[in-house]
Amino acid sequence: MDGAVKLARTPVRLVSLGLLASIVLPATAAPWLDPGDPRARYSAQKLSDRGAMERTTSTWPMMWGNLEQGYEGATASSATPDTTLDYLKFERARQSSRGFRAEATLSGASEAALIQGFNAGPQDSGQAGLTMEWIGNHWALGLSPSFTQSPDDDDQVRADGSYLAFSAGNWIFGVGSIERWWGPGWQSSLILSNNARPIPSVWINRRNAAAPESEWLEWIGPWDFTAFLGELESKRAVAEPKILGMRLTMRPLQGLDIGLSRLIMLGGEGYSESSSTYWNAFIGRDNGQLEENDPGDQLGAVDIRYGTDLGPTTVGIYTQMMGEDEAGAFPARKSWLFGADATTSWLSAEQQWFVEYANTIADDFNGEAMPNITYSHSRYNTGQHYRGRNLAASQGGDARMLTLGGWHFLTSGTNLGARLSHIELNTDGSTTVEPGSRDVRYLVPVRDQSLMHLSLSLGTEVAGGWLSSQASYSDTKIETLSGEIDQWRIAAEWRYRF
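Under mature numbering (1 follows the signal peptide of the UniProt record, and there is no 0), read the sequence shown as residues -29 to -1, 1 to 469, first letter to last.
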């Protein structure tokens, strides 16, 4: 198999070979809060929209140092429901308290899911894992192998989520494989999401997104920064390319979050990975270059969200624009996402609602549509995919999707969720994605397909552990590069904390 912590011929590999790694499954101990928990995101975003937590909430994982700032602001606010704060405090005490802890996980799915959102679920027919972690004053370390039955990517023994991290000043440095979600969307991120398995990488993340103290920079407001350098798998058109990601967020006004993101794919088997290649890619010296001089494939994104409170509720509007290339230092060949979200407190419970539209057809909004551009590249023919799945929006390129969704959070801890989507897949009816191996299932639509998709979810306590279950239905089978996806799907994951 491709080792999940293997980072060949790069500084990343030299670091990872000298470090032990661990798995971090959702809701496990770490110096951060992983993506995938809708109740945690609802709580953090609601605190932020009310002004109790002056931090951006569109970059995941979210550092606990930022969430702790929200505790102080919310304690004196009678407008903030106790359950909103209590849930984060409970998870904070469990996840990042010093010492040793363990968790067992069992999961399975009747079918892989093409369409996924922030709360992505299991993909394989069966998986079992045991997580053991230790957190100290400055270090966080764990070990948790998992075994997957009949995996879609031919990788049975995994170390997804593995990490070793340490803090120095206001920065956290790490190595391993952690999930990420960049952007304000609930259904999609146009640049980086948790749709695919996490990429092995080294990374740096600001620990607390406090505003600059300088009077010249204080207008920026609270700001956050993260960057990583990773390596993709060997079973692809160009084996083991490197991927460099960077994201900067700021909050110049209360409730206004602005995010700038960038992904660069470069190097790989047969291509330069010199320092000059990295530099040329970083400064964007690739447009107009001949193939042999082109340093790589670049994505750039800008996202904006504004949230505020309206009496007992909070509301927000957001957008994300992603470009496949650069024009005048600004992304071109654009894809767009627009959305609105709101919270309510009805029936002695709390709710999170959203409506979201995403269009991944390049320049479909502001010019002549350009098919087979989004998430594709002339050199890296496997595109922006990792082990068969898109690194960003699950529906892939050349698609339109409108989603209405929400969650109902009971005081008992049980969560109910529902999403209804109308989707137009691969509107051009063709694809340029080249699978890297017949042993890997590529969930890439191969023809123009229009469908309705319904997804229901339930999270509740079962047998002393936590059961997350999902059921979904599409009104037609989806044809992909690796065959059809069934219309019906059920999936479940059970976690037991020791």
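Backbone N, C-alpha and C fix where the C-beta goes; we use that ideal spot for every residue, glycine too.
query	result
Those runs of the beta strand (DSSP E) which lie wholly inside the stretch 79 to 108 and span at least 3 residues	97 to 106
Selected residue, minimal CA-CA separation from Arg72, among Leu38, Leu227 and Leu114	Leu114
With 16 other Cβ atoms within 10 Å as the buried cut-off, status of Met33	buried
Buried versus exposed, by CB contacts within 10 Å (16 or more), Ala434	exposed
Assigned exposure category for Leu318 - 16 Cβ within 10 Å defines buried	exposed
Which listed residue (Ser185, His393, Leu77 and Trp324) has its alpha carbon closest to that of residue 473	In the structure as shown, the chain starts at -29 and stops at 469, and residue 473 therefore has no counterpart that could be examined.
Outcome for Gly140 when other beta-carbon atoms lying within 10 angstroms are tallied against a minimum of 16	exposed
Closest residue to Ile449 among Asn397, Ala442 and Gly359 (Cα-Cα distance)	Asn397
Nearest-angstrom Cα separation, counted from Ala181 out to Glu39	12 Å
Proximity of Arg151 and Leu161 at Cβ, strictly below 8 Å	no
Buried or exposed by the 16-neighbour rule on C-beta atoms within 10 Å, applied to Met423	exposed
C-alpha gap between Leu(-10) and Trp3, whole angstroms	Confidence in Leu(-10) is poor, its pLDDT being 28 and thus under 50, which makes the residue's placement too unreliable to answer from.
DSSP three-state assignment for Gly359, whether helix, strand or coil	coil
Other residues of its chain near Gly36: CB distance less than 7 Å, five sequence neighbours each side excluded	Arg178 and Asn179
Segment limits, alpha helix (DSSP H) that includes Asn330	No alpha helix (DSSP H) contains Asn330, which is instead part of the beta strand (DSSP E) from Ala320 to Asn330.
Leu375 (DSSP reduced to helix, strand or coil)	strand
Span of the alpha helix (DSSP H), counted from its first residue to its last, around Pro155	Premise fails: Pro155 is in no alpha helix (DSSP H) and is neither H nor E.
Buried/exposed call for Phe61, threshold 16 Cβ in 10 Å	exposed
The alpha helix (DSSP H) enclosing Leu18, as first and last residue numbers	Pro9 to Asp20
Cross-strand partners of Lys305 (DSSP beta bridge)	Gly294
Beta-carbon proximity check, Arg463 vs Gly79, cutoff 8 Å	What sits at residue 463 in the sequence shown is Ala, not Arg. Yes, Cβ-Cβ distance for Ala463 and Gly79 is below 8 Å.
Gly100 vs Arg390 beta-carbon contact at 8 Å	no
Supposed close pair Trp174, Phe199 - CB separation, criterion 8 Å	4 Å
Nearest to Gln158 (by Cα), restricted to the options Ala363, Glu395 and Ala442	Ala363
Selected residue, minimal CA-CA separation from Tyr242, among Leu387, Arg69, Ala208 and Ala340	Ala208
Enclosing beta strand (DSSP E) for residue 471 [first to last residue]	Since the first residue of the chain shown is -29 and the last is 469, residue 471 is not available in this structure.
Option in Pro93, Thr54 and Gly238 with minimal Cα separation from Leu381	Thr54
Contact between the stretch 266 to 285 and the stretch 124 to 131 (3+ Cβ pairs under 8 Å)	no
For Thr28, the first and last residue of its enclosing alpha helix (DSSP H)	Neither: Thr28 is in no alpha helix (DSSP H) and is coded neither H nor E.
Distance, Lys213 Cα to Gly239 Cα	6 Å
Continuous alpha helix (DSSP H) stretch holding Ser383: start and end	Taken as a continuous stretch (DSSP letters only), Ser383 belongs to no alpha helix (DSSP H), as it is neither H nor E.
Among Ala252, Ile332 and Ser14, nearest to Trp307 - alpha-carbon criterion	Ile332
Selected residue, minimal CA-CA separation from Trp31, among Gly201, Thr385, Ser232 and Ser453	Ser232
Spatial distance of Thr447 from Met236 (CA atoms)	34 Å
Pairwise C-alpha distance: Leu135 and Asp228	30 Å
Test item: CB-CB of Val404 and Thr345 under 8 Å	no
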